[in-house]
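Scroll down for the structure; my scribbles are underneath it.
Chains as they are written, first to last, in the working numbering: chain X, -4 to 296; chain V, 15 to 312.
Here is the structure:
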């Protein structure tokens, strides 16, 4: 009876074809167009990287030679020469930066992940993130007022100090993440067999996290090696080798500043060296990124 | 160390207790040092800027001359250039970055290809700024000269390179925000008959908006403070010019160009400019962090 009633008044007949995807409906077309745009944007985003890599390979490799690593920057229009002093200067300053920032950063991360709960750790993580957003040129200005103005000279130390501040947030963040990945049971087991807090951290937790921490430090080193702005008026630049007798308290060359200086001059021999130095910097970044990707891909404890 | 015959429990030696406590405090002091560095930077830059602040006051911000001879200093052109270059960069990279984020968080591609593209986009962020500048000088500017009225370095190439540099930030953080949206929301939308893109545009993007805006703010902070590539491409002309084909200036390029040779009051004026840049980027970054932290708590 009720069935009859409904059949009389309403058409419940169902056409299965209406469930089929209608390729010409505006909703389908809109989706297709949006997918196309998103895909296009993705391709568009990678193109600059590919173009830059192609140019670096083309111009960088052709300017590379063994002399580049052993000789001093040439004067304008003189063929040959290299940037051995800039490579050494970058190694020295990044070394100073790492020596300052790794102990501080790792200890700070140990506090964040092992010893603190609640508000203070949140605030320090917040400060770390904000510090990593401070423009590198401001860190250069800061290092200038702190080191250059007090010692009254440009030096590798001032450059290393500036790089240390740039590396600090990267090291804190990656170490913090690495320590968090170590399972809680490991700590409990360590305490259970009678270890102190510092013994647990130094002999059990830290060794377990070491590969990830080293990855983080490598990334920070690669980032620091490419930084130019903080070195412009802390380490400045020089055409000469670092002088160990001066304890490095003198202007010091670096690869990044060399690229800048030689990119803005009209002399072709120096421009070629700029491309070669840029190639080395990008190669460094590329290698460390790939290594860290492989290292973090299999991060199981 | 352990004496099996002696079953009595012994308290730890005093030296171990001291080591334990001092290790804790060392860690805590270093952690506080991170926040301390931020405060130290603020104080140092503010002190160094004081002579110029008392000399020029707030008029510094609206003055457009930069003349070491007459000792007149103002950063209006640099502030204009900083804001305009960052704005153009955002205009380009926000839609592209969002497109990348959506495309890579949907199931269009196999996970392997997806990871490769994510890696490539991340690499874009790792290329040193000075290398972008080098490439801009020798490839981008000559190319733009052929197809636009650009005659040399100027606002356009600087803003274009900036957009490439901040794109990874927007793409990566937006992608995180989108993939953090609970899958129930998407399922509910699709269950109600929404197509893929109706679900994305009307449900998923609004739900992820605070993270996306946080990512855009972070990118803005980076664009405002970016130095080397901009210094090499913008032409460093200290005047306000509405044309994007004209040379311009930013606060960071002003600092990069003049700091090493400056002396006396000019250093103070540069410090004042640095303080303005620091204050603005700090504000933008703090806002961005607040938004991104809120995202992580969802």
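Just so you know, even glycine gets a beta-carbon here, dropped at the ideal spot from N, CA and C.
Open item on the list: Could you check whether residue 166 of chain V and residue 175 of chain V sit closer than 9 Å to each other, using their CB atoms as the reference points?
Closed with: no
TODO: Rounded to whole angstroms, what's the CA-CA distance from residue 120 of chain X to residue 234 of chain V? Just pull it up for me.
DONE: 21 Å
Task: chain A contact for residue 222 of chain X (CB, 9 Å cutoff) - done: The chain inventory of the structure shown lacks chain A, comprising the protein chains X and V.
Task: Burial state of residue 226 of chain X, where buried means 16 or more other Cβ atoms lie within 10 Å - done: buried
Task: chain X contact residues for residue 160 of chain V, given Cβ-Cβ distances below 7 Å - done: Going along chain X, no residue has its Cβ under 7 Å from residue 160 of chain V, so there is no contact; the nearest lies around 16 Å.
Task: Element boundaries [alpha helix (DSSP H), containing residue 103 of chain X] - done: 79 to 105
Task: Coil, strand or helix - residue 222 of chain X by DSSP - done: coil
Task: Among V:153, V:210, V:227, the one whose alpha carbon lies nearest that of residue 258 of chain X - done: V:153
TODO: With 8 Å as the C-beta to C-beta threshold (strictly closer), list the residues of the region 272 to 289 of chain X near chain V in chain order.
DONE: 273, 276, 277, 280, 281, 284, 288
Open item on the list: Just checking: is the beta-carbon of residue 229 of chain V within a distance shorter than 9 Å of some beta-carbon in chain X?
Closed with: no
Open item on the list: By the three-class DSSP mapping on this structure, what secondary structure does residue 87 of chain V have?
Closed with: strand
Task: Exposure label - residue 229 of chain X; buried when at least 16 CB within 10 Å - done: buried
Task: Neighbourhood of residue 164 of chain V by C-beta distance below 8 Å, restricted to the same chain and skipping five residues each side - done: 155, 158, 170, 171, 259
Open item on the list: Measuring only the C-alpha atoms, how far is residue 34 of chain V from residue 178 of chain X?
Closed with: 22 Å
Task: Under 7 Å by beta carbon: chain V residues contacting residue 25 of chain X - done: 211
- [ ] Output, in chain order, the set of chain V residues within a Cβ distance shorter than 7 Å of residue 44 of chain X.
- [x] 134, 137, 138
TODO: Would you please verify whether the beta carbon of residue 182 of chain X is less than 9 Å from any beta carbon of chain V?
DONE: no
Task: Segment contact flag, the region 216 to 224 of chain X with the region 127 to 147 of chain V, C-beta cutoff 8 Å, min 3 pairs - done: yes
- [ ] Count the other CB atoms, across all protein chains shown, that sit within 10 Å of the CB of residue 261 of chain V; report buried if there are 16 or more and exposed otherwise.
- [x] buried
Task: Alpha-carbon to alpha-carbon, residue 14 of chain X and residue 114 of chain V - done: 31 Å
TODO: Classify residue 81 of chain V as helix, strand or coil using the three-state DSSP reduction.
DONE: strand
Open item on the list: Assuming residue 191 of chain V and residue 222 of chain V are in contact, meaning their beta carbons sit under 8 Å apart, how far apart are those beta carbons, in whole angstroms?
Closed with: 4 Å
TODO: Check the C-beta distance from residue 271 of chain V over to residue 95 of chain V and give it rounded, since I have them as a contact under 8 Å.
DONE: The Cβ separation is near 12 Å, so there is no contact.
TODO: Output, in chain order, the set of chain X residues within a Cβ distance shorter than 8 Å of residue 266 of chain V.
DONE: 130, 132, 224
TODO: Find out if the Cβ-Cβ distance for the pair residue 308 of chain V, residue 224 of chain V is shorter than 9 Å.
DONE: yes
TODO: Under 7 Å between beta-carbons, which chain V residues line up against residue 102 of chain X? List them in chain order, please.
DONE: 40, 41, 44
- [ ] Determine, using beta carbons only, whether residue 8 of chain X comes closer than 9 Å to chain V.
- [x] no
Task: Secondary structure of residue 246 of chain X, DSSP reduced to three states - done: coil
TODO: Please determine, among V:47, V:181, V:193, the residue with the shortest C-alpha to C-alpha distance to residue 116 of chain V.
DONE: V:193
- [ ] Flag this pair as yes or no: are the beta carbons of residue 37 of chain X and residue 131 of chain V separated by less than 9 Å?
- [x] yes
Task: Helix, strand or coil at residue 0 of chain X [DSSP, three-state] - done: Its pLDDT being 48, under 50, residue 0 of chain X is placed unreliably in this model, and the coordinates cannot settle the point.
Open item on the list: Check whether the region 167 to 174 of chain X and the region 93 to 107 of chain X are in contact - that is, three or more C-beta pairs closer than 8 Å.
Closed with: yes
Open item on the list: Taking a contact to mean a Cβ-Cβ separation below 9 Å, would you say residue 138 of chain X touches residue 157 of chain X in this structure?
Closed with: yes
Task: Length of the line joining the Cα atoms of residue 174 of chain X and residue 204 of chain X - done: 6 Å
- [ ] Using beta-carbon positions only, say whether residue 274 of chain X and residue 58 of chain X come within less than 9 Å of one another.
- [x] yes
Task: Contact between the region 124 to 133 of chain X and the region 52 to 66 of chain V (3+ Cβ pairs under 8 Å) - done: yes
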